[in-house]
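Notes to accompany the following structure.
There are 2 protein chains.
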Amino acid sequence: MQSLDRLVRALRRMPGVGPRQAERFAAYFLRAPQGEVEEFIAAVISMKQDVKLCPVCYAYSEKDRCEVCADPDRDHSSICVVEDPQDIEAIEKTGAFKGLYHVLHGAISPMEGKGAEHVKIKELLTRLQESKVPVQEVIIATDPDAEGETTAMYLADLLRDMVPHISRIGYGVPLGGDLDYLDEMTLLYSLKGRTKI
Amino acid sequence: MQSLDRLVRALRRMPGVGPRQAERFAAYFLRAPQGEVEEFIAAVISMKQDVKLCPVCYAYSEKDRCEVCADPDRDHSSICVVEDPQDIEAIEKTGAFKGLYHVLHGAISPMEGKGAEHVKIKELLTRLQESKVPVQEVIIATDPDAEGETTAMYLADLLRDMVPHISRIGYGVPLGGDLDYLDEMTLLYSLKGRTKI
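Those protein sequences? They're chains A and B, same order as listed.
First residue of the first sequence: 278, per the numbering used here; consecutive thereafter.
First residue of the second sequence: 278, per the numbering used here; consecutive thereafter.
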């Protein structure tokens, strides 16, 4: 059926959606009440109209600048670099960081042929050069996987002469976790990163 | 951000989508070119307009009746009962069944409080009673899990006096599978269902 196949193709463009999940999603749209489908479409349209990327940090924003960049009470001399806009919310929840963010929108992945030009590293360099408040600290909070690690190392090398303090978020045992179930690399890092008590 | 939250809420109504996946999908819509998003919306709208449920078997259809029900060359005295419309395609690929289908749109699940009235069993009974060609055979091809099994047993009891031949699809070792990796129940059924060679 043409209409169904067309929707399945469109649904498969969403990240991580395989043929079976796309079929289940299509079945949902078929069964859902008309009003619910209309609300879905309206939500996509208004999001697409309203939400932009902040031209400073590339986080999501419904205004000219995102709330963090526009906030004079935040420490504009400190920047936390993350891979995805969603990471910001996770860090904000800790309440431990009062600086600004920079969203790379991905990570360097030699395996997938994604070099530094595929993420917003050039934009970070320009931002550091043009910042009115000199940036004193960059915290690299890319994901703790191979791509995030590669990106962190690459960034640290690039920024060494531009920023006095460069750091990487600490690895370790997650709170509430069970040592038995942890992979050995995390445990190794948690031992390396031990702190005196 | 209101627009983003609204879309995340809409995306979470799709089956099996949790908060993290909904955020990733929203990020996809944000990044996708305008044309791709418009094609997605057009696909949803046209599917919703064009695809209906066949009033005979409740499979998806873009016409008055679905292709199978409308085909005079199919055996109208044999009905294969499945849980979901997608199951039809899987059975059609085998080429081993030339009858009609009946889609229950789910299965009986006492655990989830879904009784017989939640699936299209009443519609099957009416169909059997009103069928011009007397139905000689019903093959119950619900999923090989607890709900599918419950539904199969319930249906078999209901249909016993209405249909001469009622059968359940055979359980067994899947082709290409490795005996080592099979659960014992499947293996048990494959032994019970052994055929002479």
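Ideal placement from N, C-alpha and C gives every residue a C-beta, glycine not left out.
On a predicted model such as this, the values are computed, not experimentally measured, just so you know.
Quick one: give me the first and last residue of the beta strand (DSSP E) that residue i is part of.
i: Ser386 (chain B); result: Unbroken run through Ser386 (chain B): none, as it is neither H nor E.
i: Glu461 (chain A); result: Careful: Glu461 (chain A) lies outside any beta strand (DSSP E), inside the alpha helix (DSSP H) at 461 to 469.
i: Val333 (chain B); result: That residue, Val333 (chain B), is in no beta strand (DSSP E); it is neither H nor E in DSSP.
i: Leu377 (chain A); result: 376 to 380
Since residue i and residue j are thought to touch, with beta carbons under 8 angstroms apart, how far apart are those beta carbons, to the nearest angstrom?
i: Val223 (chain B); j: Tyr378 (chain B); result: Given that chain B is displayed from residue 278 to residue 474, the structure contains no residue 223 (chain B) and the question cannot be resolved.
i: Leu281 (chain A); j: Tyr337 (chain B); result: 6 angstroms
i: Met278 (chain B); j: Val440 (chain A); result: The pair is not a contact, with the Cβ atoms about 29 angstroms apart (cut-off 8 angstroms).
i: Ile417 (chain A); j: Leu432 (chain A); result: 6 angstroms
Measuring alpha carbon to alpha carbon, tell me which of the options ends up nearest residue i.
i: Pro451 (chain B); options: B:Val412, B:Tyr466, B:Cys357, B:Pro332; result: B:Tyr466
i: Arg283 (chain A); options: B:Met324, B:Pro310, B:Glu426, B:Thr403; result: B:Met324
i: Tyr305 (chain B); options: A:Gln363, A:His353, A:Ser355, A:Ala304; result: A:Gln363
i: Gly390 (chain B); options: B:Glu424, B:Cys357, B:Ser355, B:Ile416; result: B:Glu424
i: Glu414 (chain A); options: A:Ile446, A:Gly392, A:Glu426; result: A:Ile446
i: Lys399 (chain B); options: B:Gly372, B:Asp420, B:Thr428; result: B:Thr428
i: Leu409 (chain A); options: A:Val333, A:Asp434, A:Thr419, A:Asp341; result: At residue 409 (chain A) the sequence reads Lys, which differs from the Leu that was named. Comparing Cα positions, the closest option is A:Val333.
i: Arg301 (chain B); options: A:Gly392, A:Tyr458, A:Asp361; result: A:Asp361
i: Leu402 (chain A); options: A:Arg437, A:Asp420, A:Thr419; result: A:Arg437
i: Cys343 (chain B); options: B:Ser354, B:Leu330, B:Leu381, B:Ser355; result: B:Leu330
i: Ala393 (chain B); options: B:Leu464, B:Asp434, B:Asp341; result: B:Asp434
i: His382 (chain B); options: A:Ile368, A:Asp457, A:Arg308; result: A:Arg308
i: Cys357 (chain A); options: A:Leu405, A:Asp455, A:Met462, A:Gly295; result: A:Leu405
i: Ser355 (chain B); options: B:Met462, B:Asp455, B:His442, B:Glu461; result: B:His442
i: Val314 (chain A); options: B:Pro310, B:Val314, B:Gln311, B:Ile322; result: B:Ile322
i: Pro421 (chain A); options: A:Thr371, A:Pro411, A:Asp460; result: A:Asp460
i: Asp352 (chain B); options: B:Leu464, B:Ala373, B:Lys340; result: B:Ala373
i: Gly449 (chain B); options: B:Pro292, B:Leu464, B:Met430, B:Gly312; result: B:Leu464
i: Ile368 (chain B); options: B:Pro411, B:Glu407, B:Thr419, B:Val412; result: B:Thr419
i: Gln326 (chain B); options: A:Gln298, A:Ser444, A:Gln311, A:Glu339; result: A:Gln311
i: Pro292 (chain A); options: B:Ala299, B:Met291, B:Tyr458, B:Asp341; result: B:Ala299
i: Glu426 (chain A); options: A:Pro411, A:Val412, A:Ser444; result: A:Ser444
i: Glu366 (chain B); options: A:Thr371, A:Pro411, A:Arg297; result: A:Arg297
Could you spell out the range, first to last residue, of the alpha helix (DSSP H) harbouring residue i?
i: Cys346 (chain B); result: 344 to 347
i: Asp305 (chain B); result: Checking the sequence shown, residue 305 (chain B) turns out to be Tyr, not Asp. Per DSSP, Tyr305 (chain B) belongs to the alpha helix (DSSP H) from 296 to 308.
i: Gly312 (chain A); result: 311 to 327
i: Val285 (chain A); result: 279 to 288
i: Asp350 (chain B); result: Here Asp350 (chain B) belongs to no alpha helix (DSSP H), and DSSP marks it neither H nor E.
i: Pro362 (chain A); result: 362 to 371
Is any beta-carbon of chain D found at less than 9 angstroms from that of residue i?
i: Lys370 (chain B); result: Reference to chain D is not applicable here, since the protein chains of this structure are A and B.
Does the pairing of the stretch 312 to 325 of chain B with the stretch 281 to 293 of chain A give three or more beta-carbon distances under 8 angstroms?
-> yes
Are there three or more Cβ pairs, one per stretch, closer than 8 angstroms when the stretch 461 to 470 of chain B is compared with the stretch 382 to 391 of chain B?
-> no
Could you tell me whether the stretch 336 to 354 of chain A touches the stretch 367 to 381 of chain A, using the rule of 3 or more Cβ pairs below 8 angstroms?
-> yes
Every unbroken alpha helix (DSSP H) inside the stretch 393 to 467 of chain A [4 residues or more] | 398 to 407, 423 to 436
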